[in-house]
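For reference, the structure discussed in these notes is given below.
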Amino acid sequence: MAPPDGSAQASAAPLRTGADYIASLRGRGLRVFYAGARVEEPVDHPVIRPSIQAVAETYDLAVREPELASVTSPSSGERVSRFLHVARSREDLVLQNKMQRRLGQLTGTCFQRCVGMDALNALHSVTHDIDAAHQTGYHARLEAFIELVQAGNLVIGGAMTDVKGDRGKAPHQQADPDLFVHVVERRADGVVIRGAKAHQTGCINSHWLVVMPTMRLGPEDRDYAIIGAIPVDAPGITYVYGRQSCDSRSLEPTALDRGNPRYAGQEALVIFDDVFIPTERVFMDGEVEFAATLVERFTCYHRRSYVCKSGVGDVLIGAAATIAEQNGVPRASHIRDKLVEMTHLNETIYATGIAASHQGQATASGAYINDEMLANVCKHHVTRLPFELGRLAQDLAGGLVATLPTGADLESEEVGPLLRKYLATTAEVSVEDRWKILRLIENMTLGRNAVGYLTESLHGAGSPQAQRIQIGRQQQLDYKKRLARRIAGIGEFGESAEEPGDIGKGEAGGFFARVFDSDEPEPEPEPEPEPVDQAE
Ligand code: SF4
Ligand code: FE
């Protein structure tokens, strides 16, 4: 398969299956480092391979369940991956969430494609709005890029989070100007960028990176207001693989200790050392006032994309129920109650995310965007509830989840028989099967995929405080005070308690209040923008 530089992509047959996708990653010559050494072929590296297989699952799902994971492209009329389709209806938004939950169920980890999807979702309306304000031509370039990646059925990584240096300083104030990605040279045919992006989900497994600013920018940050698409194998890019807890389990000879032997997530530090972006792939250059708009729209989409964790949670609940069965106590009332609690917490994540999508609205470009308040509530739940789900799963697993010997001991002729004798539970349960479920719970709550299920749940798409700021901005306290005053019979602002004015417009709930109660003054802007700290 041809390496995915821009010209080869335009002519190559579209990737279809997971196997096609994996073949497309070979021979690209990426500059990847892991454990102090250059990785010659990431596809064959035992630590990296499970993350590639998680992305491959997105392709195979589109073959098996095309209604869920693919969509008819409005431009080409062909079926294309749902990850490459800009949402143009509430149904599109909802189906993105349903696909994400399904893939979480199938992989038990991060399948890495949502950042690119939400970058396209957000850029569709933002490029349209920049063009309207500045008579630029970004939107048409973006649409041409979307057609290109749809034609090849390629993977896009969204590169937002800068390394940020001194958090108290703006990009242009940093001692080292490269601590935020910026333009270092403008040529007749494009721009050259330098800097680094941290925690980049699935970047090595992508074909293209879309580089975007990470926070609100001021006039002096003009060179930092750059958005562009770059082939992953462009000259000047270095990838340093992010270590995941227990990732070296993948290097051990027995699969017994891997927990989730097939799938894993991926994050890496991406360093851009004078990387060229041709003009036709630049979607913002210098329009600083739209940086905050982009970040807000991207996080709005992406915070409801975290329903992915409800799919992963389904796997953890299944593992907890299985270990209870294997331990011979599936019907104990406290165990059943803990499983109910896990389910309740997990569905709470899903409910808020999918509700955000159901409440989507059209933007000026025709792209639909989900409800911002509910998306922030979804992501805020995700910063907490998986930790409680993990605690309950460890509770149900028992102490053995943390004290199990190595798989090599179980396979040893000398000590293995003793372990089989003393780790037996019921006649129907093999020691190996119980071992694997314990290792899966360990993997998801302490090991390699705890990175995605727990810590990445905390920081991805913004750390908890970023959601609290957005929730605070939209909480409509004045409106809610008027509701209370009306019920209590307290007049205010010249109104009598019997004349509630337009208060009834909000009666259907928070969403309608936010949409229709337009006479509430905008809340004061935050004095300092909260960096998004987008862990992807
Ligand atoms: Fe998608 Fe992000 Fe969830 Fe990974 S963590 S599956 S990229 S939403
Ligand atoms: Fe993420």
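Numbered by our numbering, the letters in the sequence shown go through residues 487 to 1022 in order. Beta carbons: idealized from backbone N, C-alpha and C, even for Gly.
- Taken from the Cβ of Ala947, at least one heavy atom of ligand 2 lies inside 7 Å.
- Distance from the CA of Arg822 to the CA of Leu924, rounded to the nearest whole angstrom, comes to 18 Å.
- If you look at Arg680, you'll find it in the beta strand (DSSP E) that goes Gly676 to Thr687.
- Taking C-beta atoms under 8 Å as the contact rule, Phe758 and Arg680 qualify, at a distance of about 6 Å.
- Thr687 has its Cβ nearer than 7 Å to a heavy atom of ligand 2.
- Rounded to the nearest whole angstrom, the CA to CA distance from Glu526 to Phe519 is 9 Å.
- The three-state secondary structure of Met603, taken from DSSP, is helix.
- One thing to note: Thr849 has its Cβ within 8 Å of the Cβ of Ile855.
- The segment 732–748 makes no contact with the segment 696–715: fewer than 3 CB pairs, one atom from each, lie closer than 8 Å.
- Ile809 and Glu899 have their alpha carbons spaced roughly 26 Å apart.
- Beta-bridge partners of Pro699 (DSSP): none assigned.
- In this chain, the alpha helix (DSSP H) harbouring Ser791 covers Ala777 to Ser791.
- In chain order, Leu742, Leu890, Gly893, Leu896 and Leu909 place their CB closer than 8 Å to the CB of Trp921, counting only its own chain and leaving out the 5 sequence neighbours on each side.
- When secondary structure is reduced to three states using DSSP, Glu773 falls in the coil class, being assigned neither helix nor strand.
- Going by C-alpha positions, His620 is about 28 Å away from Lys655.
- By the criterion of a C-beta distance shorter than 7 Å, Phe769 is surrounded in its chain by Leu609, Thr613, Tyr624, Arg627, Leu628, Ile713 and Gly714, once the five residues flanking it on both sides are discounted.
- Going by DSSP, Ile763 is part of the beta strand (DSSP E) stretching over Glu753 to Pro764.
- Here Thr593 is not near Ala555, since their CB atoms are 8 Å or more apart.
- Ligand 1 has a heavy atom closer than 7 Å to the beta-carbon of Val601.
- DSSP links Gly714 through a beta bridge to Val697 and Val768.
- A residue is called buried when at least 16 other Cβ atoms come within 10 angstroms of its Cβ; Arg972 meets this threshold and is buried.
- If you ignore the 5 residues before and after Met859, its C-beta comes within less than 6 Å of the C-beta of Gln960, all in its own chain and listed in chain order.
- Between ligand 1 and the CB of Tyr792, the shortest heavy atom gap is smaller than 7 Å.
- Sixteen is the threshold: since fewer than 16 other Cβ atoms of the shown chains lie within 10 Å of the Cβ of Ser734, the residue is exposed.
- By the beta-carbon neighbour count (other beta carbons within 10 angstroms, threshold 16), Asp664 is buried.
- Distances from the alpha-carbon of Lys683 to those of Thr724, Gln730 and Gly704 put Thr724 closest.
- A residue is called buried when at least 16 other Cβ atoms come within 10 angstroms of its Cβ; Ser562 does not meet this threshold and is exposed.
- Ranked by Cα distance from Val670, the options Ala970, Val761, Asp506 and Asp919 are led by Val761.
- For Thr503, same chain residues with a beta-carbon under 7 Å away, outside a window of 5 residues either side, are Tyr545, Asp546 and Val549 in chain order.
- With distances taken between CA atoms, Val774 lies nearest to Ile616 out of Ala523, Ile616, Glu942 and Gln951.
- The beta carbon of Cys596 sits closer than 7 Å to at least one heavy atom of ligand 1.
- For Leu875 against Leu831, the beta-carbon gap comes to about 6 Å, under 8 Å, which counts as contact.
- Arg587 and Glu914 have their C-alpha atoms spaced approximately 32 Å apart.
- Nearest to Leu606 by C-alpha distance, out of Ile632, Gly946 and Gly745, is Ile632.
- Under the DSSP definition of a beta bridge, Val566 partners with Val557.
- When only Cα atoms are considered, Val917 and Val793 end up about 34 Å apart.
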